[in-house]
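I have placed the structure first, in the form of C-alpha cells, so that the comments after it can refer back to it.
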Amino acid sequence: MAGGTRRRGILPVRGPYHLLRTLSCGQAFGWRVDGTGAAGVFAQRRIRLTPRRGAVEVDGLDDAASLERLAHYLGLDQPLRAIERELARDAVLARILRTTSGVAILRQDPWECLAGFVISAFNNIPKIELTLDRLRRRFGAPLPGGGYAFPQPEAIGAASERALRGCVLGYRAPYLRAVARRVSTGTLDLRAPFSLPYDEARRMLLDLPGVGDKVADCVLLFAYGRGDAFPVDVWVKRAVERWYFRGRAQAERRIREFARSRFGSLAGYAQQHLFVAARTTLRF
DNA sequence: ATTCAGGTGCGAG
DNA sequence: CTCGCACCTGAA
Numbered sequence: 023m024a025g026g027t028r029r030r031g032i033l034p035v036r037g038p039y040h041l042l043r044t045l046s047c048g049q050a051f052g053w054r055v056d057g058t059g060a061a062g063v064f065a066q067r068r069i070r071l072t073p074r075r076g077a078v079e080v081d082g083l084d085d086a087a088s089l090e091r092l093a094h095y096l097g098l099d100q101p102l103r104a105i106e107r108e109l110a111r112d113a114v115l116a117r118i119l120r121t122t123s124g125v126a127i128l129r130q131d132p133w134e135c136l137a138g139f140v141i142s143a144f145n146n147i148p149k150i151e152l153t154l155d156r157l158r159r160r161f162g163a164p165l166p167g168g169g170y171a172f173p174q175p176e177a178i179g180a181a182s183e184r185a186l187r188g189c190v191l192g193y194r195a196p197y198l199r200a201v202a203r204r205v206s207t208g209t210l211d212l213r214a215p216f217s218l219p220y221d222e223a224r225r226m227l228l229d230l231p232g233v234g235d236k237v238a239d240c241v242l243l244f245a246y247g248r249g250d251a252f253p254v255d256v257w258v259k260r261a262v263e264r265w266y267f268r269g270r271a272q273a274e275r276r277i278r279e280f281a282r283s284r285f286g287s288l289a290g291y292a293q294q295h296l297f298v299a300a301r302t303t304l305r306f
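This is the structure we're talking about:
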C-alpha cells in the first residue's frame, strides 16, 4: 500500500488520559497493544492507535463522524483530572493513582461487550482471545482492509452448538447462543439499560444465562457507562480485602456494596484503578 | 500429568 | 439467601 495516501486522523487528548493503559486494563478484549500503540477494529475498519503528545493518532480512519464516535468510545471526553482529584480523597486510591492514572472507561458496543464477558467467565485471557478470534473468523463479516467484524447476534444465534464449541467456548456455548437469540429476536432490548436505574438494568442482564453479578456489572460499566457499577472479580476482591479490610475475606456482595456506597458515581473508576494496581503490584 | 484461569448455575442447609 | 461445588479446555 502506498504510504502517503492512507487515511489518518488526530484526536486531541487533555488531562491525564493514558491510551494504552485504558485499552489494556481488561475492559475490552479486541485490542492488541504493543510497545508503541494498539491495533483493533472500529467502525468496520481495521485501525491502529498511537499515543502522541496531547493527542491520539488514528491510522485507518479519517471521516469526522467516525473519529467523533471513536473519541467517545475511547472516553476522551471524560474529565479525568477532576475525577482523579475526587478519587484521591480516598487514601488508598491516592497512593495507587501514582501508577494507574489516566484510565478512562470505554463506551463499548453493548452486544460485543456482553458476549465478551459471557465468554470471560471462569476462563483465562489467552483462551478468551482465541475464542473471540475464532468467532470473528467464522461468524463475522470480512472487512475491506483485512480482519473481521464482531459477529452479529443473528449469526451466533443461528450457529450450531457444535460450531460454537469449535470456537473453544466449552460449556459457555449454549449460554452465548441463548443470549444472542434473545438479542436478535428482540426479547432483550439492549437499548433499555441506557434509560433504566442501576438495579433494574442489572436485573435485566442477570436474567440472561451465563450472566451473573460480575458480568452484569462489567457490561453496565463498560458498555452503558454506568459509573456506579463496581464489578468484583478475583483481583478487585483481593485488592479491596487487602487494602480496605486488613486482609480479611469478605463476600463479593459486601465488597460491591461497600465500594458503591463509598465511591458513588465514581465507583467504576475506582474499580479500574484497583484492578490495575492489583494486577501489577499484588502477588498472591 | 496436574493445575490454573478475569464466574455462574445449581442444589443443600 | 448464603454457601459449596462442578465445570469446557488450552497453556504452563
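Residue numbers 23 to 306, in our numbering, belong to the letters of the first sequence in order. We put the CB at the ideal spot given by N, CA and C, even for glycine. Every value quoted in this text rests on a predicted model; they were computed, and no experiment measured them.
Q. Taking the alpha-carbon positions, what's the G124 to P34 distance?
A. Within the first sequence, the letter at position 102 stands for residue 124. Within the first sequence, the letter at position 12 stands for residue 34. If you take the alpha carbons of G124 and P34, they lie about 15 Å apart.
Q. Residues bridged to V55 by DSSP?
A. Taking the first sequence and counting its residues from 1, one reaches residue 55 at position 33. According to DSSP, which records beta bridges pairwise, V55 is partnered with A60.
Q: Ignore the nearest five residues each way along the sequence and tell me which others in E134's own chain have a CB closer than 7 Å to its CB.
A: Within the first sequence, the letter at position 112 stands for residue 134. Excluding residues within five positions, the ones whose Cβ falls inside 7 Å are F172.
Q) Whose C-alpha, out of V298, R156, F297 and A289, is nearest the C-alpha of E108? A) Along the first sequence, one-based indexing puts residue 108 at 86. Checked all of V298, R156, F297 and A289; the closest Cα to E108 is A289.
(Q) Need the endpoints of the beta strand (DSSP E) that T72 sits in, please. (A) Numbered from its first residue, the first sequence carries residue 72 at position 50. Counted as a single uninterrupted DSSP element, the beta strand (DSSP E) harbouring T72 occupies residues R67 to R74.
Q) What is the DSSP secondary structure of A300, counted as helix, strand or coil? A) The residue given as residue 300 occupies position 278 in the first sequence. Of the three classes helix, strand and coil, the one that applies to A300 here is helix, per DSSP.
Q: Examine the ligand SAH and report whether any of its heavy atoms sits within less than 8 Å of the Cβ of L228.
A: Among the ligands in the structure shown, none appear at all, so the ligand SAH cannot be discussed.
Q: For the alpha helix (DSSP H) holding D221, just list the boundary residues, first then last.
A: As a working mapping, residue 221 is identified with position 199 in the first sequence. D221 -> alpha helix (DSSP H) spans Y220 to L228.
Q: Run the CB neighbour count on G25, radius 10 Å, all protein chains shown included, and call it buried at 16 or more, exposed below.
A: Along the first sequence, read from residue 1 onward, the residue named residue 25 stands at position 3. At G25, the pLDDT of 49 sits below 50, so the modelled position is not reliable; the number obtained from the coordinates is stated separately. It is exposed - the Cβ of G25 has fewer than 16 other Cβ atoms within 10 Å.
Q: May I have the straight-line CA-CA distance separating R54 from L71, to the nearest angstrom?
A: For this step, residue 54 is matched to residue 32 along the first sequence. For this step, residue 71 is matched to residue 49 along the first sequence. Here the alpha carbon of R54 sits roughly 10 Å from the alpha carbon of L71.
Q: Give the DSSP-derived three-state secondary structure of D239 in the structure shown.
A: For this step, residue 239 is matched to residue 217 along the first sequence. Looking at D239 - three-state DSSP - the assignment turns out to be helix.
(Q) Can you tell me which residues form a DSSP beta bridge with I32? (A) Start at 1 with the first residue of the first sequence, and residue 32 comes out as number 10. Looking at the DSSP assignment, I32 forms a beta bridge with E79.
Q.
Quick check on the burial criterion: 16 or more other C-beta atoms within 10 angstroms. Buried or exposed for F244?
A. Indexing the first sequence from 1 puts residue 244 at position 222. So F244 counts as buried.
Q. Apart from the five residues on each side of it in sequence, which residues of its chain come closer than 7 Å, Cβ to Cβ, to F161?
A. In the first sequence, the residue the question calls residue 161 occupies position 139. Within its own chain, the residues whose Cβ lies closer than 7 Å to the Cβ of F161, once the five positions on either side in sequence are excluded, are P173, A177, I178 and A181, listed in chain order.
Q) P231 bridges to which residues according to DSSP? A) Indexing the first sequence from 1 puts residue 231 at position 209. Looking at the DSSP assignment, P231 forms no beta bridge with any residue, so it has no partner.
Q) Taking the C-alpha atoms as reference points, what is the distance between G62 and A200? A) Indexing the first sequence from 1 puts residue 62 at position 40. Indexing the first sequence from 1 puts residue 200 at position 178. One C-alpha to the other measures close to 27 Å.
Q | DSSP three-state assignment for P101, whether helix, strand or coil | A | Within the first sequence, the letter at position 79 stands for residue 101. DSSP places P101 in coil when its eight states are reduced to three.
Q: Would you check if the segment 218-233 and the segment 241-259 touch, i.e. whether three or more CB-CB distances between them fall below 8 Å?
A: yes
(Q) In the DSSP output, which residue or residues are listed as bridge partners for Y170? (A) Indexing the first sequence from 1 puts residue 170 at position 148. Looking at the DSSP assignment, Y170 forms a beta bridge with P164.
Q) Nearest to Y95 by alpha carbon, out of R276, L198, A110 and P132? A) In the first sequence, counting from the first residue as 1, residue 95 sits at position 73. Of the candidates R276, L198, A110 and P132, P132 places its Cα closest to the Cα of Y95.
Q) What number of angstroms, rounded off, separates the C-alpha of R264 from the C-alpha of T207? A) For the purposes of this step, residue 264 is taken as the residue at position 242 of the first sequence. For the purposes of this step, residue 207 is taken as the residue at position 185 of the first sequence. So the alpha carbons of these two residues sit roughly 44 Å apart.
Q | Contact under 9 Å by Cβ, Q66 with A163 | A | As a position in the first sequence, residue 66 is number 44, starting the count at 1. As a position in the first sequence, residue 163 is number 141, starting the count at 1. For Q66 and A163, yes; Cβs fall inside 9 Å.
**Q.** Among E279, K259, A281 and R278, the one whose alpha carbon lies nearest that of A271
**A.** Stepping through the first sequence from its first residue, residue 271 is reached at position 249. The shortest Cα separation from A271 among E279, K259, A281 and R278 belongs to K259.
Q | Sufficient close CB pairs (3 or more, under 8 Å) joining the segment 277-296 to the segment 101-120 | A | Yes: the two stretches touch, three or more of their Cβ pairs being nearer than 8 Å.
Q) What is the rounded straight-line gap between the Cα of L203 and the Cα of P175? A) Position 181 of the first sequence, counted from the first residue, corresponds to residue 203. Position 153 of the first sequence, counted from the first residue, corresponds to residue 175. What sits at residue 203 in the sequence shown is Arg, not Leu. Taking the straight line joining both Cα atoms gives about 7 Å.
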